[in-house]
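What follows is a set of notes on a single structure, which appears directly below.
There are 2 protein chains.
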Amino acid sequence: MLPQHVRERLRAIVGEAYCLDRPEALVAYSYDATPMHQALPDAVVMPKDTAEVQQVIKLAAEAGIPVVTRGAGSNLCAATVPVGGGIVLVLNRMNRILEIDEQNLTITVQPGVRTSDIHQAVEARGLFYPPDPGSMVVSTIGGNIALNSGGLRGLKYGTTKDYVLGLEAVLPNGEVIRTGGKLMKDVAGYDLTKLLVGSEGTLAVITEAILKLIPKPAMQRVMLATFANLTDAARTVSDIIASRIIPATLEFMDQGTLRVVEDFKQIGLPTDAAAMLLIGQDGDPETVHRDVERIASICRQNGAVQVKVATNAEEADEVMTARRSALAALSRLRPTTILEDATVPRAAITPMVEAIQRIAAAHNVHICTFGHAGDGNLHPTCMTDARNPDEIERVERAFEEIFAVAIELGGTITGEHGVGIVKAPYLEWKLGEAGVEVMKAIKRAFDPNNLLNPGKMFARERRNRVVVNHAQR
Amino acid sequence: MLPQHVRERLRAIVGEAYCLDRPEALVAYSYDATPMHQALPDAVVMPKDTAEVQQVIKLAAEAGIPVVTRGAGSNLCAATVPVGGGIVLVLNRMNRILEIDEQNLTITVQPGVRTSDIHQAVEARGLFYPPDPGSMVVSTIGGNIALNSGGLRGLKYGTTKDYVLGLEAVLPNGEVIRTGGKLMKDVAGYDLTKLLVGSEGTLAVITEAILKLIPKPAMQRVMLATFANLTDAARTVSDIIASRIIPATLEFMDQGTLRVVEDFKQIGLPTDAAAMLLIGQDGDPETVHRDVERIASICRQNGAVQVKVATNAEEADEVMTARRSALAALSRLRPTTILEDATVPRAAITPMVEAIQRIAAAHNVHICTFGHAGDGNLHPTCMTDARNPDEIERVERAFEEIFAVAIELGGTITGEHGVGIVKAPYLEWKLGEAGVEVMKAIKRAFDPNNLLNPGKMFARERRNRVVVNHAQR
Numbered sequence: 001m002l003p004q005h006v007r008e009r010l011r012a013i014v015g016e017a018y019c020l021d022r023p024e025a026l027v028a029y030s031y032d033a034t035p036m037h038q039a040l041p042d043a044v045v046m047p048k049d050t051a052e053v054q055q056v057i058k059l060a061a062e063a064g065i066p067v068v069t070r071g072a073g074s075n076l077c078a079a080t081v082p083v084g085g086g087i088v089l090v091l092n093r094m095n096r097i098l099e100i101d102e103q104n105l106t107i108t109v110q111p112g113v114r115t116s117d118i119h120q121a122v123e124a125r126g127l128f129y130p131p132d133p134g135s136m137v138v139s140t141i142g143g144n145i146a147l148n149s150g151g152l153r154g155l156k157y158g159t160t161k162d163y164v165l166g167l168e169a170v171l172p173n174g175e176v177i178r179t180g181g182k183l184m185k186d187v188a189g190y191d192l193t194k195l196l197v198g199s200e201g202t203l204a205v206i207t208e209a210i211l212k213l214i215p216k217p218a219m220q221r222v223m224l225a226t227f228a229n230l231t232d233a234a235r236t237v238s239d240i241i242a243s244r245i246i247p248a249t250l251e252f253m254d255q256g257t258l259r260v261v262e263d264f265k266q267i268g269l270p271t272d273a274a275a276m277l278l279i280g281q282d283g284d285p286e287t288v289h290r291d292v293e294r295i296a297s298i299c300r301q302n303g304a305v306q307v308k309v310a311t312n313a314e315e316a317d318e319v320m321t322a323r324r325s326a327l328a329a330l331s332r333l334r335p336t337t338i339l340e341d342a343t344v345p346r347a348a349i350t351p352m353v354e355a356i357q358r359i360a361a362a363h364n365v366h367i368c369t370f371g372h373a374g375d376g377n378l379h380p381t382c383m384t385d386a387r388n389p390d391e392i393e394r395v396e397r398a399f400e401e402i403f404a405v406a407i408e409l410g411g412t413i414t415g416e417h418g419v420g421i422v423k424a425p426y427l428e429w430k431l432g433e434a435g436v437e438v439m440k441a442i443k444r445a446f447d448p449n450n451l452l453n454p455g456k457m458f459a460r461e462r463r464n465r466v467v468v469n470h471a472q473r
Numbered sequence: 001m002l003p004q005h006v007r008e009r010l011r012a013i014v015g016e017a018y019c020l021d022r023p024e025a026l027v028a029y030s031y032d033a034t035p036m037h038q039a040l041p042d043a044v045v046m047p048k049d050t051a052e053v054q055q056v057i058k059l060a061a062e063a064g065i066p067v068v069t070r071g072a073g074s075n076l077c078a079a080t081v082p083v084g085g086g087i088v089l090v091l092n093r094m095n096r097i098l099e100i101d102e103q104n105l106t107i108t109v110q111p112g113v114r115t116s117d118i119h120q121a122v123e124a125r126g127l128f129y130p131p132d133p134g135s136m137v138v139s140t141i142g143g144n145i146a147l148n149s150g151g152l153r154g155l156k157y158g159t160t161k162d163y164v165l166g167l168e169a170v171l172p173n174g175e176v177i178r179t180g181g182k183l184m185k186d187v188a189g190y191d192l193t194k195l196l197v198g199s200e201g202t203l204a205v206i207t208e209a210i211l212k213l214i215p216k217p218a219m220q221r222v223m224l225a226t227f228a229n230l231t232d233a234a235r236t237v238s239d240i241i242a243s244r245i246i247p248a249t250l251e252f253m254d255q256g257t258l259r260v261v262e263d264f265k266q267i268g269l270p271t272d273a274a275a276m277l278l279i280g281q282d283g284d285p286e287t288v289h290r291d292v293e294r295i296a297s298i299c300r301q302n303g304a305v306q307v308k309v310a311t312n313a314e315e316a317d318e319v320m321t322a323r324r325s326a327l328a329a330l331s332r333l334r335p336t337t338i339l340e341d342a343t344v345p346r347a348a349i350t351p352m353v354e355a356i357q358r359i360a361a362a363h364n365v366h367i368c369t370f371g372h373a374g375d376g377n378l379h380p381t382c383m384t385d386a387r388n389p390d391e392i393e394r395v396e397r398a399f400e401e402i403f404a405v406a407i408e409l410g411g412t413i414t415g416e417h418g419v420g421i422v423k424a425p426y427l428e429w430k431l432g433e434a435g436v437e438v439m440k441a442i443k444r445a446f447d448p449n450n451l452l453n454p455g456k457m458f459a460r461e462r463r464n465r466v467v468v469n470h471a472q473r
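Heads up: the sequence lines are chains W and H, in that order.
Counting from 1, position 78 in the first sequence corresponds to residue 78 in the UniProt record's numbering; the numbering is continuous, with no gaps.
Counting from 1, position 440 in the second sequence corresponds to residue 440 in the UniProt record's numbering; the numbering is continuous, with no gaps.
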């Protein structure tokens with residue numbers, strides 16, 4: 001529990017209604033979307049503006065209290081679980097779209113704005129904000145920025161980082177900085193904007209963002225292609241890219257995922273297929289039509305069992321919903337679903353998927369794989385039961401082997417979910433000791449007292465699910 | 001001069017022929033493309049590979065000797081002038097294209113590869129590396145990465161940073177790190193890749209880079225439009241963007257530049273026009289034709305005096321050459337040419353150009369302005385004489401006022417040239433004290449002994465051209 005005088009000051013800053021420390025409130029903010037990670041905070045604080053954030057951070061710095069910034073808590077790496085106790089700083093009240101600037105093609109937002117609200121607001125003006133993480137109907141833009149969220153349009157359009165032009169942020173010492181601006185080019189010093197994107201709340205609290213917009217593509221089309229084996233599907237992906245087409249979306253589902261999704265949604269997916277690709281293109285009509293035809297032809301040349309181009313908006317929605325429901329469908333199978341995101345160079349998808357299947361069999365665990373084939377970002381997803389320690393031990397070992405293979409193939413331990421607690425033990429596999437040391441030095445440069453989101457990114461040596469809060473003050 | 005034992009060890013590392021300390025060699029590496037900045041190094045060292053770079057850096061760290069990494073020296077912010085003396089580390093021997101990977105759409109290069117050689121190599125395979133800085137026929141990719149170079153295609157395609165996927169770099173302590181990879185998505189820790197891009201050789205020595213490629217656009221077209229006044233030209237830029245077209249190129253020249261270029265190239269530019277736009281589009285033929293027609297129509301609606309669409313490759317070349325020769329043409333007028341790059345949000349181009357003209361008149365200095373209108377990146381260019389201290393004093397004051405206006409308009413002190421020595425005194429104007437302090441802390445985290453490119457980015461309080469080397473060991 002926080003000292004009395006700290007609690008009083010927090011209440012004075014944000015108001016009685018926005019500083020919670022009843023047990024039920026603390027429990028509500030003790031976990032996020034990541035299974036098997038939980039830790040109680042000491043208080044939940046909901047500031048209404050940057051000035052209040054600044055006051056909370058200054059108070060926390062004086063009192064030496066950890067601060068974990070949180071939006072919707074939809075992340076999958078336990079990035080917002082308060083393992084060091086302290087304050088959970090919830091930014092959902094700061095949820096205003098401050099400006100859509102149609103001349104400079106930017107939108108300025110507070111961190112608590114929902115991602116899908118940004119989509120709606122800008123598309124109503126003929127503009128487009130491409131990043132579309134799976135959680136976009138609940139996730140906040142602040143969370144997307146903190147985690148550098150990806151999505152289904154990453155292949156052609158990139159990720160959140162590619163759209164953040166400027167930030168306002170409160171440093172661990174309580175100072176406010178402003179980086180970048182409504183500027184397509186800015187080389188005034190180190191790129192603090194891009195450094196803060198993906199820093200998982202460990203370097204600063206993001207309180208405002210300027211995002212880049214682009215014109216909304218005139219049209220979009222999607223298609224499904226199913227394959228009798230994995231190799232045909234993977235070769236299709238390579239051949240599409242080799243023919244100099246960059247689809248907006250190029251998604252993969254293995255047989256396991258396909259069957260579960262069909263069982264859940266019943267939209268007529270061929271459950272005997274070994275693999276499915278969901279391919280979308282957008283842009284000017286001529287380009288889209290030509291690309292769709294060429295892609296369909298490449299699918300057929302590579303032995304696709306079925307190629308189905310959505311002919312209207314309902315069919316297209318159905319197809320996209322099938323893909324977007326993969327996680328929900330898989331979650332119905334067993335009590336616990338662990339979604340990972342080992343990522344490899346696009347050309348290494350076949351060996352990666354094959355390795356996942358081999359490793360799952362060897363450890364007798366149930367893993368289905370789907371993901372963003374076009375950018376090599378796969379989501380091997382394990383259906384398991386957190387109450388079975390023996391099985392969980394095997395799951396952990398299987399994922400360890402999967403990460404090791406990803407690294408061997410020139411990939412990374414996380415493509416879009418972040419490090420948080422979950423990947424911290426493996427960070428050195430990707431970066432080497434020297435790389436991790438540099439990152440720790442950057443962390444110390446910003447936050448010498450380790451108060452912003454402690455225990456993340458550089459945490460313990462081994463995975464350790466279900467963490468209890470041992471930092472009682 | 002370096003101690004005898006250090007000179008001997010440098011020779012042992014790189015070989016006699018690649019360690020120079022004769023006066024004429026030191027003079028050759030005492031300046032770069034930035035006028036009025038010069039300082040002698042103590043030695044010039046040309047390593048052939050990463051291992052040699054690593055050994056040089058370790059030796060420099062032990063002996064406490066500054067190291068300034070250098071490619072072609074074509075930068076415009078004095079970033080490679082060795083103001084602290086020490087070693088100039090020239091990476092031009094590391095000039096191999098290591099791999100073009102057509103499946104992953106990447107090119108892996110050593111830092112000494114020329115930018116235009118990358119263009120040629122990938123375009124021969126139907127691929128495209130968009131960044132095209134003005135110096136691209138001499139500049140090296142290592143220099144482009146260190147400075148985050150822009151170019152004429154930034155509006156649609158972004159700058160160097162948007163294409164760097166992975167780096168190998170030698171840290172100031174001699175350790176080698178590898179960041180990123182052939183990966184479109186990677187969120188394993190802080191983004192060291194983007195932090196090193198644009199870090200001006202102050203954080204690490206970049207020894208290898210993986211760059212993203214895209215399919216080469218099927219066609220490109222360019223046009224010229226001239227205007228009787230600045231406002232019409234600026235409104236045209238706004239209207240093009242407002243109509244949801246993002247041209248590949250959207251360049252601006254004021255009357256002063258236009259006249260000098262016409263005098264130099266004699267291609268029939270209307271020298272009575274107040275402003276000229278050079279507009280290019282690329283992509284699929286239907287899109288390009290439609291965009292070119294719409295843009296031409298927008299130009300006419302805004303009162304363009306003349307709109308001339310290049311009808312063949314020769315005409316297009318002529319138009320692009322006119323723009324690319326602006327600096328060369330202006331340089332013929334007076335002994336010294338100072339090219340700046342104040343940058344503002346696109347919508348603020350008119351007030352910025354008007355302010356430049358007003359400030360130039362007030363200080364009685366000759367400034368012509370051209371630049372990348374589409375991304376608000378302007379190059380006010382002053383024709384002056386370094387030998388006239390009174391005039392130079394007025395030039396400095398004029399540029400100071402120009403930077404101040406850029407900041408007021410929500411812009412920055414440098415869009416694509418970098419901070420180096422030239423902009424260091426103004427960095428705080430853009431970032432505030434807290435922002436600069438964070439950057440200094442990052443610098444210390446990487447390089448606690450301040451050996452990599454000292455005296456840059458955070459240098460003296462005031463501009464001070466013609467710096468002498470006062471660090472004699």
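Think of the CB as a built atom: it goes at the ideal place given N, C-alpha and C, for glycine as much as any other residue.
Answer with buried or exposed for H470 (chain H), where buried requires no fewer than 16 other C-beta atoms within 10 angstroms of its C-beta.
Low local confidence applies: a pLDDT of 34 at H470 (chain H) is under 50, so the model's placement there is unreliable, with the coordinate-based value given in what follows. Classification of H470 (chain H): exposed, given that the 10 Å Cβ count is below 16.
Using alpha carbons as the reference points, say which of H:E354, H:I367, H:E62 lies closest to L230 (chain H).
H:E354
Taking C-alpha atoms, which residue in H:P35, H:R7, H:V14 lies nearest to R334 (chain H)?
H:P35
Listed from N- to C-terminal order along the chain, which residues in the region 102 to 126 of chain H have their beta-carbon within a distance smaller than 9 Å of any beta-carbon of chain W?
E102, Q103, N104, L105, T106, G126
When the Cα atoms are used, what is the spatial distance from D42 (chain H) to V170 (chain H)?
21 Å
As an exercise, report each continuous alpha helix (DSSP H) stretch of at least 4 residues that is fully enclosed by the region 295 to 379 of chain H, in chain order.
313 to 324, 326 to 331, 349 to 362
M219 (chain W), enclosing beta strand (DSSP E) - first and last residue
219 to 227
Mind checking which residues open and close the beta strand (DSSP E) that includes A169 (chain H)?
164 to 170
Only counting runs of 4 or more residues, tell me where the alpha helix (DSSP H) segments fall wholly within the region 31 to 89 of chain W, in order along the chain.
50 to 63
Looking at G198 (chain H) and K161 (chain H), is the spacing between their C-beta atoms short of 8 Å?
yes
Would you check if the region 326 to 341 of chain H and the region 360 to 378 of chain H touch, i.e. whether three or more CB-CB distances between them fall below 8 Å?
yes
At which residues does the beta strand (DSSP E) containing Q281 (chain H) begin and terminate?
275 to 283
Of all the CB atoms in chain H, is at least one closer than 8 Å to the CB of R444 (chain W)?
yes
Pick helix, strand or coil for R11 (chain W), following the three-state DSSP scheme.
helix
Count the other CB atoms within 10 Å of the CB of M136 (chain W); is the residue buried (16 or more) or exposed (fewer)?
buried
Looking at the structure shown, is A209 (chain H) part of a helix, part of a strand, or coil, going by DSSP?
strand
Short check: CB of L427 (chain H) to CB of V438 (chain H), under 8 Å?
no
Can you tell me whether I97 (chain H) is helix, strand or coil according to DSSP?
strand
Straight-line CA distance for L76 (chain W) to A406 (chain H)?
42 Å
Report the three-state DSSP secondary structure of D21 (chain H) (helix, strand or coil).
coil
Do the CB positions of D191 (chain H) and N302 (chain H) come within less than 8 Å of each other?
no
Beta-carbon proximity of M253 (chain W) to V307 (chain W), cut-off 8 Å
no
Secondary structure, beta strand (DSSP E): runs of 3+ residues fully inside the region 103 to 170 of chain H
106 to 109, 164 to 170
How far does the alpha helix (DSSP H) with R394 (chain H) in it reach, from first residue to last?
389 to 408
Contact list for I413 (chain H) against chain W, beta-carbon separation under 7 Å
A188
Checking contacts by CB at 8 Å: is I206 (chain W) closer than that to chain H?
no
Going by alpha carbons, who is nearest to K216 (chain H) out of H:Q281, H:A225, H:E200?
H:Q281
Burial state of H5 (chain H), where buried means 16 or more other Cβ atoms lie within 10 Å
exposed
8 Å Cβ cutoff, S238 (chain H) in contact with chain W
yes
What did DSSP end up calling T236 (chain H) once you bin it into helix, strand or coil?
helix
Using 8 Å as the limit for Cβ to Cβ distance, is M457 (chain W) near chain H?
yes
L258 (chain H), DSSP secondary structure in three states:
helix
I442 (chain H) and A188 (chain W): beta carbons closer than 8 Å?
no
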